[in-house]
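Right, one structure below, let's go through it.
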């Protein structure tokens, strides 16, 4: 009805206000159509197409004149009735209009119910230390190995302790008994020494390999949880999987890539079927950084080739490039010394409207061997250059003496004119001879 009224009037109103005495309807409008069943949702959507939520207000039932059309009307229904004049509060300021009294909204049964089914499973990553708390791959592996060692101790699978500090074997038993206190010490020192020695059990190589396998399972559980579930159930990978182009197999809870070198001798199982890990995972980045350090900060291709000997890392080359580029020792080694700022040219280089060789620079080069008759002598060349136009004038000097320099300068002046300033970079050549 409001849309029809607005379309029939040529002058559009500046604002619109819709009144209702139903708090349930106001709640529906505030909540939105998506939260209710289709019957209510369609009607709320139709209202939202033509009106906004801020245009709706609440009016008490006693002041709602729209109820007169559905209720008993007294006999004195005339032109002065509120049906024709409207409610009296409309003639007042909007601040004096009735406001909605907050009350508890009753459940109308029209709300849409959502059934959510959750599936909980124990993830492998919850049993492995958080890789974000470690800065090196070695620390992560050893911390995981300590965790596995603690689990073995709790389960009663305590291994036999190995004392790597063997006692000295003395050839003479009398000498051993004589110096017993000297070498072994008192009982209190010996007990304290035994407690410090047995504080930690040694981490064996097999435990480190087991910890590394557990970290790989954690990486795959975080990055390829759907693929792990599908391969464990014997299903094929989906078309949206990042591993769909790889020939994968599931061995001992780890996704591995099938290779063509299974018949090769002297090749480890990790090289025949490397495990698949995500290059964007934090633990994978720690492993790439460890490989980069172990290879003495080698280049990208060397690190990539070494990592592929053990794991199949997705996006290996881009991640390795970022790691090598951000490595601080590599950045220091590749850093180029800063070039000093260029200075201003001297005024002699910028002199304008001056004849050539007004400002002259002089230098020598040689010697050259020349033949005079039957003898060989040395001759030098005096190079005169114009500092402004960069013109060059050459004169032969018999020697490096002052007289030869003056004669060469006179010949240049006779040809080019007398210079105002002469610059030289060689102090010995430009120093005049002191008369004796």
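In UniProt numbering, the protein residues as written are 1 to 436. C-beta atoms are modelled at their ideal positions from N, C-alpha and C, and glycine is treated no differently. Please read these numbers as outputs of a predicted model, since none were measured by experiment.
Give every residue of the same chain whose Cβ lies closer than 6 Å to the Cβ of residue i, excluding the five residues on either side of it in the sequence, and list them in chain order.
i, result
"residue 329", "297"
"residue 363", "383"
"residue 6", "none"
"residue 275", "216, 254, 256, 311"
"residue 368", "379"
"residue 463", "Only positions 1 to 436 of the chain appear in this structure, which leaves residue 463 out of reach."
"residue 397", "380, 382, 404, 408"
"residue 385", "361, 392"
"residue 83", "65, 68"
"residue 241", "227"
"residue 168", "Residue confidence for residue 168 is low, a pLDDT of 48 falling below 50, so the modelled location carries little weight; the figure read from the coordinates is stated next. There are no such residues."
"residue 134", "140"
What residues in its chain sit with their C-beta under 7 Å from that of residue i, if we drop five residues either side in the sequence?
i, result
"residue 63", "87, 89, 98"
"residue 17", "55, 57"
"residue 144", "128, 129, 211, 214, 215"
"residue 30", "53"
"residue 417", "355, 357"
"residue 261", "267, 272"
Closest to residue i by C-alpha separation, out of the options, would be which residue?
i, options, result
"residue 352", "245, 390, 83", "390"
"residue 420", "309, 81, 356", "356"
"residue 22", "60, 32, 35", "60"
"residue 152", "243, 203, 135", "203"
"residue 65", "49, 85, 51", "85"
"residue 149", "223, 200, 230, 360", "200"
"residue 299", "268, 338, 331", "331"
"residue 138", "235, 94, 205", "205"
"residue 51", "348, 15, 327", "15"
"residue 47", "304, 24, 2", "2"
"residue 25", "131, 44, 247", "44"
"residue 259", "268, 247, 265", "247"
"residue 346", "334, 336, 359, 340", "359"
"residue 19", "267, 100, 81", "100"
"residue 267", "309, 239, 234", "309"
"residue 323", "343, 301, 71, 234", "301"
Leaving out the 5 sequence neighbours to the left and right, which residues in its chain are closer than 8 Å to residue i when beta-carbon positions are compared?
i, result
"residue 307", "287, 288, 291, 313, 316, 320"
"residue 399", "378, 380"
"residue 141", "208, 211, 212, 215"
"residue 413", "419"
"residue 4", "none"
"residue 243", "224, 227, 237, 255, 276"
"residue 265", "none"
"residue 415", "393"
"residue 136", "286, 289, 290"
"residue 376", "369, 370"
Apply the 10 Å Cβ neighbour rule to residue i and answer buried if 16 or more other Cβ atoms are within range, or exposed otherwise.
i, result
"residue 523", "Lying outside 1 to 436, the shown extent of the chain, residue 523 is not represented and no answer is given."
"residue 354", "exposed"
"residue 40", "buried"
"residue 388", "buried"
"residue 263", "exposed"
"residue 245", "exposed"
"residue 338", "exposed"
"residue 231", "buried"
"residue 36", "buried"
"residue 303", "buried"
"residue 171", "Residue confidence is low: residue 171 scores 48 on pLDDT, short of 50, so the model does not pin down where it sits. Its coordinate-derived value is still stated next. Residue 171 comes out exposed."
"residue 372", "exposed"
"residue 95", "exposed"
"residue 326", "exposed"
"residue 131", "buried"
Considering only residues of the UniProt domain "Integrase zinc-binding" (284-334), which uninterrupted beta strand (DSSP E) runs meet the minimum length of 3 residues and lie entirely inside it, listed in chain order? Positions of the beta strand (DSSP E) runs, each at least 3 residues long and wholly inside the UniProt domain "Integrase zinc-binding" (284-334), are given as 311-314 in order along the chain.
Taking contact to mean at least 3 C-beta pairs separated by less than 8 Å, is the region 262-282 in contact with the region 216-229? Three or more beta-carbon pairs drawn from the region 262-282 and the region 216-229 are found closer than 8 Å, and the two stretches are therefore classed as touching.
Does the structure place the region 243-251 close enough to the region 259-278 that three or more beta carbon pairs sit under 8 Å? Touching, yes.
With a floor of 3 residues, list each beta strand (DSSP E) that falls wholly inside the region 367-405, ordered by position along the chain. Listed in chain order, the complete beta strand (DSSP E) runs (minimum 3 residues) inside the region 367-405 are 375-386, 392-397.
Note down, one range per segment and in chain order, each beta strand (DSSP E) of at least 3 residues found wholly within the region 261-287. Runs found: 275-278.
Which complete beta strand (DSSP E) runs does the region 228-267 hold, if anything under 3 residues is left out? DSSP runs (the beta strand (DSSP E)) wholly in the region 228-267: 248-251, 254-257.
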